Amino acid sequence: MPTYAYACKDCGHAFDIVQSFSDSSLTSCPECQGTLRKKFNSVGVVFKGSGFYRTDSRDSKGSSVSPASAPSAPAAAPAAAAPAAAAS
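Using my numbering, the letters of the sequence shown map in sequence onto residues 26 to 113.
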């Protein structure tokens with residue numbers, strides 16, 4: 026059962042209470058019998074199990090681009106470094 030947070034508009038008394046989904050909201054403060062308002066907070070979401078990560082739906086081979094068709098980064102790096110070395 027969920028826990029709901031309430032605060033009194035008159036005296037400021039704040040408290041949490043465990044209520045069923047079918048229970049009606051509280052309307053009177055237990056301290057001063059004033060008007061209550063339900064406080065809403067962000068919901069904590071927990072993702073359990075598989076299927077929530079980018080890698081969960083991929084095969085063990087990795088990406089769909091084969092290494093033979095991908096551009097070679099190490100070959101381009103020495104060529105770019107050669108003019109800088111000659112200039113100094």
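Even for Gly, the Cβ is constructed at its ideal location relative to N, Cα and C. Bear in mind the structure is a predicted one, so any value in this text is a computation, not a measurement.
In the structure shown, the three-state DSSP call for residue 60 is strand. When 59, 47 and 48 are compared, the shortest CA-CA separation from residue 39 is found for 59. With respect to residue 53, residue 63 sits apart: the two C-beta atoms are not nearer than 8 Å.
In the DSSP assignment, residue 40 falls within the unbroken beta strand (DSSP E) covering 39-43.
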